[in-house]
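So in this note's numbering, spot 159 of the sequence shown is number 167, and the numbers just go up one at a time.
For glycine and all other residues, C-beta sits at the position ideal for the given N, C-alpha and C.
What follows is a set of notes on a single structure, which appears directly below.
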Amino acid sequence: SDLKQQVEKISAAFQILPLQPKTREDLLQYFCYLVLDPNTAHRQLILSEKNRVVKRSRTQQRYPDHPERFDSWSQVLCKESVCGRCYWEVEWSGDVSISVSYKEINRKGGGCESLFGFNSQSWSLQCSPSSISFWHNNIKTELRGPVSSRIGVYVDHTAGTLTFYRVSDMMRLLHRVHITFTQPHPLYAGFCVGNNSILRLCDLK
């Protein structure tokens with residue numbers, strides 16, 4: 009019957025799409041070891057600890073010219089793409105944006121087209137000591153609740169979800185968005201780092 013066929017279709021769809029991870033242990037199954045790409049780093053950013061830590065400097069670094077380098081916003085992308093199911097954690101202090109972006113994002117100039125969260129190419133969680141908000145395509149979503157110094161990011165490319173968590177003994181969902189990935193290209197983790205701010209990619213532990 010038609011009803012039986014519909015039920016079979018729905019159950020097949022649920023079998024194809026795995027359930028959202030619920031615990032930190034679930035998420036750590038999809039842990040991705042990411043490294044910052046020096047060729048993309050703005051000249052006021054200092055990378056250290058095998059390119060796993062980034063901080064903002066008042067002085068310009070002597071990085072060579074590179075077509076992939078951000079020349080206006082203090083941003084950096086990771087070398088590895090995040091495809092399939094991928095999870096990573098960062099610790100931060102100051103003012104930072106924790107983002108994912110297509111590689112095609114503009115690198116040159118100080119317009120919205122090159123700033124994480126202010127264009128169609130990127131999604132960004134902006135964190136400061138007093139507030140937290142989510143940005144995409146220049147649209148802001150204010151988020152409530154305590155600010156956490158450790159944030160988990162989970163991308164499920166197949167399900168089309170991007171999820172941010174407060175990392176603690178109890179994982180707390182901070183924000184989840186459903187994304188129609190229109191581009192076949194993979195996503196990359198990226199960060200924008202404000203004055204007197206620092207961000208560290210966390211090791212698996």
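Helix, strand or coil at L123 [DSSP, three-state]
Note: L123 maps to coil in three-state DSSP.
Could you check how far apart the C-beta atoms of F172 and L182 are, in whole angstroms? I think they sit under 8 Å.
Sure, about 4 Å apart at Cβ, within 8 Å.
Closest by C-alpha distance to M178, when choosing among S156, W81, T166, V163
Nearest of S156, W81, T166, V163 to M178, Cα basis: S156.
DSSP three-state call for E150: helix, strand or coil?
Three-state DSSP puts E150 in a strand.
Quick check on D45: buried or exposed, where buried means 16 or more other Cβ atoms within 10 Å of its Cβ?
Result: buried.
Report the start-end ranges of each beta strand (DSSP E) in the segment 37–104 that is 3 residues or longer and not cut off at the edges.
Annotation note: the segment 37–104 contains the following uninterrupted beta strand (DSSP E) runs of length 3 or greater, listed N- to C-terminal: 53–56, 61–64, 83–90, 93–101.
DSSP three-state label for R115, please.
For R115, the secondary structure class from DSSP, reduced to helix, strand or coil, is coil.
L220 lies in the beta strand (DSSP E); which residues open and close that run?
Since the displayed the chain opens at 9 and closes at 213, residue 220 lies outside it and no answer follows.
Just curious, the beta strand (DSSP E) that Q134 is in, first and last residue?
Unbroken beta strand (DSSP E) run through Q134: 130–135.
Per DSSP, F189 is paired with what?
Answer by DSSP bridge pairing: none, since F189 is not bridged.
Return helix, strand or coil for D164, following the three-state DSSP convention.
DSSP, read as helix, strand or coil, puts D164 in strand.
Skipping 5 residues on each side, what residues in its chain have a beta carbon closer than 7 Å to that of H74?
Only N47 meet the Cβ criterion.
F126 and S107: beta carbons closer than 7 Å?
With contacts defined as CB atoms closer than 7 Å, F126 and S107 fail to qualify as a contacting pair.
Between the segment 27–37 and the segment 54–62, are three or more C-beta pairs nearer than 8 Å?
Verdict: no, contact absent.
Have a look at the DSSP bridge pairing and note the partners of L207.
Answer is V62, W100.
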